[in-house]
Structure formats: C-alpha cells, structure tokens
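Numbering (UniProt numbering), first residue to last: 1 to 395.
To keep things clear, I will list the structure first and then write my remarks on it.
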Amino acid sequence: MKNYKNPDENGYYGEFGGAFIPEMLYPNVEELQENYLTIIESEDFQNEYQDLLKNYVGRATPLYFAKNLSEKYQTKIYLKREDLNHTGAHKINNALGQVLLAKRLGKTRIIAETGAGQHGVATATACALLGLECIVYMGEVDIARQAPNVGRMKMLGAEVIPATSGSKTLKDAVNEALRDWINHSATTHYVIGSVVGPHPFPDLVARFQSVISKEIKEQLYEQIGIQNPDYVIACLGGGSNAAGTFYHFVNEKNVKIIAAEAGGLGVKSGKSAATTFLGTLGVLHGSKSLVMQTKDGQVIEPHSISAGLDYPGIGPFHAHLFQENRAAFFSINDDEALQSAFELTKLEGIIPALESAHALAILGKKKFKETDVVVICLSGRGDKDMEMYLRKIKS
C-alpha cells in the first residue's frame, strides 16, 4: 500500500501540490517550510496545543452511534461530532494550531479567508484567545448568506473585509487574502483554512485536522473493539474536514473512503462545484491540483448551496486520492443535501451544517451491508444555515 498521508520534500502528493507563489511571498513560505515540522512536533508546542484542544475546544468530540439513521439505512452508522467543538465545527482544530505556530514565528498579525464563516470564526476565536490582530476576508455573497458568523467574527474583535471581485465567494476571498499577505509579509501569517495553497499548507492543515481520524480509531476500539471502520465519509470542498477524517485511514487498505462533493444544481448544469467531475490539472492559489477551468485556464465560477463547499478546486491530497482511485467521489446536488439535513434533524435531533449534509446524502446514493461500520464526519452544526433551512420549510 502506498503512503498517501504526507507529501514529498517539495510538497507533492504524486503530481499534485508544490508551491507556485509570487516572488514576494517566498520568504514567508520558505520560513514556514523550514520550521513548521520542528515547531509543531516539539514537546512545548504539543503540550500547549493538546491542552487547548481538550480544555478549550472540548475534544475529544463524541463518536455517536446513530441508531435511528442506522435502522433506516440497514447498516451501522456512526457520526463523528465535530459540530460539538467550540465554535461549532472542525475548523478550530487548525485555526488554533496555526495561530500558535504564528506566535512562535514572531508574527503579530493574522489574516484568513472564509466561505461559510466557520473558519473565520475559528481564527477570530484563536486570535482573541492568544492576543493577535485578526483580519478575515469573505466574499460579499457569503457575507450576506452567513450573517450570524459575520456577527460572531466582529464580536470577537476581527475586521471582516468583503471580497467584491469575481463571484464574490470563497475563491475571491482567498485572492484578497493572498494580496494582503504579499503586502504585509514580515508581520503577518496567513491562516489558510483548508488543505489548499502552497506547500506546506496542505500538509500543515491535514496534520492539525488529523486529530479527527485519530479519535475515530480510539473511539471505535473503545466502543466495539475495532480500530478501522469499513467506510469513512466526509464532505469535500477544499477538503480540510475530509483530510482529517481520512488521514489515519488512507494507508489502511481495508478502509473504503468516500468524499461528497457539491454538485450544486447538477454536474452538467453549469452551476456546480464538483471538481473531480469537472476539473482538470491546473494551478490555483499556489498549488497544482484539479481545478474547474476553461481550456485557456480561466477559473470557472463554482456554485453550491453551502458556502463552505463553493470552491472551484480541491486540495492536492484529495486530487492524489482521486487519481489513484484510493477514494470514491460522489456529486451531491443542493436538493439532496437539503433533504439529508432535514432527515438527520428529524431522525436524530441533530441539525447539521449544509456542508455536512452533503456527506450524509451518500446514504441515499450507496447501499451498505448490514454489518458495515460506516463513519460520517459531521463537520459542523447547522445554526449558521437556519435561514436557508427556514426558506425550504416555507416553500
């Protein structure tokens, strides 16, 4: 079995990855490349980080056996409850880690991009806790559809700057954040929220999120005496919760991996974000991966009902899994995600984020055996999406 977990020394997972960056960013990226592993693997860093994960974030998050959902789909379904983290999603795992890293690198200013707002809230939270200035870039469209999270970021002391170019969504927020980083490279660390961007960000974010799969192994063993499920399932935009969910299983050949991409209005509709179905090899935001683009390399605007999956690419970690057929990729459209969100709410009393609902929708797409142990990452809670859910109820 190949080692799928970590990139090579140049940041490549197979042919995907690398660092394609403007010359002015080389010092910052090089500083990260040379220091990130030494710092995050040090005893001092890990002691502080693990203490915060336990006593501030609330880890370990539960691995919940969803009895009613399991009965409906005639299989054994476990939900990894990342929605129960402080701030309501998996994003805090990475944000805390990166802000701690930035402090050790002597940075005083943090910038971030956000789509659904959860990464922005998590970064603003980490900066409030650790005393750093925080600027969050967010697409104008996403600011309108994720107003509760915008309010949280501002209350936490962050400055929220709208991205008004392009589709005014996540990719445009990334563009603005990268411009800022170029202009303030000496004092600033860019907390990228997903397994995208130039090396070492995909590896850095995957390592911080890998606590998800580490806990799944431990909790499964504690509950049913096995470490490895038959399936692990997660939604996939850029791919941070998916990377964390898959991390400790990608080299376990008996564990099947499923990623749920945002199909939007349908893969062939022109309003989709299903990158493995629509993407080709290209460079986006500093790394080589699969990108939704025209023949001459212009990025195609993505669409998803969920702001966190509204991205025209995937991280190189996932592109490699796709190319090697190590994971199965499904396209889930907007209506299927909504249906799954309401189903979980009615059957288990848990309101999921729209992003997580895409992962849940796999249950309606694939037949599992009664004996299968299926773990689904519930990456975030649904309070940020209540306006969308209420709209559906009214219609």
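The beta carbon of each residue, even a glycine, is placed where N, CA and C say it ideally should be.
Residue burial is scored here from C-beta neighbours: Arg59 has at least 16 other C-beta atoms within 10 angstroms and is therefore classed as buried. In its chain, beyond the 5 residues on either side, Phe16, Gly18 have a beta carbon closer than 6 angstroms to the beta carbon of Lys288. Cβ-Cβ separation between Asn228 and Phe249: approximately 7 angstroms, consistent with a contact (criterion under 8 angstroms). Less than 8 angstroms separates the beta-carbon of Asp310 from that of Ser304. The residues Lys384, in chain order, have a CB closer than 6 angstroms to that of Pro148 in the same chain once the five nearest residues on each side in sequence are set aside. Ranked by Cα distance from Glu34, the options Glu9, Pro22, Ile21, Asp51 are led by Glu9. A distance below 8 angstroms between beta-carbons, with the five flanking residues on each side excluded, links Leu53 to the following residues of its chain, in chain order: Arg59, Asn93, Leu96, Val211. Contact between Gly157 and Ser194 fails: their C-beta atoms lie close to 23 angstroms from each other, not under 8 angstroms. Listed in chain order, the alpha helix (DSSP H) runs fully inside the region 341-365 are 354-360, counting runs of at least 4 residues. In the same chain as Glu215, and ignoring 5 residues on each side of it, the C-beta atoms closer than 6 angstroms to its own belong to Ala60, in chain order. Within the same chain, Cβ atoms closer than 7 angstroms to the Cβ of Lys91 are found at Gln118, His119, Ala122, Gly193, the five residues on either side in sequence being excluded. In this chain, the alpha helix (DSSP H) harbouring Thr125 covers 118-130.
One alpha carbon belongs to Asn3, the other to Asn251, and they sit about 6 angstroms apart.
Contact check for Ser42 and Cys235: beta-carbon distance about 33 angstroms, past the 8 angstroms limit, so the pair fails to qualify. DSSP, reduced to helix, strand and coil, places Lys367 outside both helices and strands of the structure shown, so it counts as coil.
According to DSSP, Pro162 shares a beta bridge with Met138. Scanning its chain for C-beta atoms nearer than 6 angstroms, with the 5 sequence neighbours on each side dropped, one finds around Ser340 the residues Ala357, Leu360, Ala361, in chain order.
Straight across, the Cα-Cα distance linking Met153 with Thr87 is about 11 angstroms. A residue is called buried once 16 or more other Cβ atoms fall within 10 Å of its Cβ, and Tyr221, having fewer, is exposed. Rounded to whole angstroms, the gap between the alpha carbons of Gly308 and Ala337 is 13 angstroms.
Bounds of the alpha helix (DSSP H) holding Thr276 are 275-278. Per the coordinates, the alpha-carbon of Glu71 lies some 44 angstroms from the alpha-carbon of Leu37. In the three-state reduction of the DSSP assignment, Ala259 falls in the strand class, which pools E and B.
A Cβ-Cβ distance of about 5 angstroms is found for the pair Leu130 and Val99, placing them in contact under the 8 angstroms criterion.
Looking at the backbone, the Cα of Gly286 and that of Gly313 are separated by about 12 angstroms.
Residue pairing for Arg381: DSSP places it in a beta bridge opposite Pro352.
Unbroken beta strand (DSSP E) runs of no fewer than 3 residues, entirely contained in the region 231-255, are found at 231-236, following chain order. Taking the Cα positions, Pro7 is about 21 angstroms away from Lys256. Around the Cβ of Ala186, a 10 Å sphere holds fewer than 16 other Cβ atoms; the residue is exposed. Bounds of any beta strand (DSSP E) do not take in Ser70; it lies within the alpha helix (DSSP H) bounded by 67-73. A distance below 7 angstroms between beta-carbons, with the five flanking residues on each side excluded, links Gly197 to the following residues of its chain, in chain order: His285, Gly286, Ser287. Between Glu48 and Leu105, the gap from beta carbon to beta carbon reaches 8 angstroms or more. Looking only at Pro162, Met155, Cys134, the smallest Cα-Cα distance to Arg145 is reached by Pro162. Excluding residues up to 5 positions away in sequence, Pro162, Ala163, Thr164, Lys168 lie with their Cβ nearer than 7 angstroms to the Cβ of Glu140 in the same chain. Cβ contact annotation for Val267 (same chain, cutoff 7 angstroms, sequence separation greater than five): Ala274, Phe277, Leu278, Ser331, in chain order. It is roughly 43 angstroms from the alpha-carbon of Thr280 to the alpha-carbon of Asn55.
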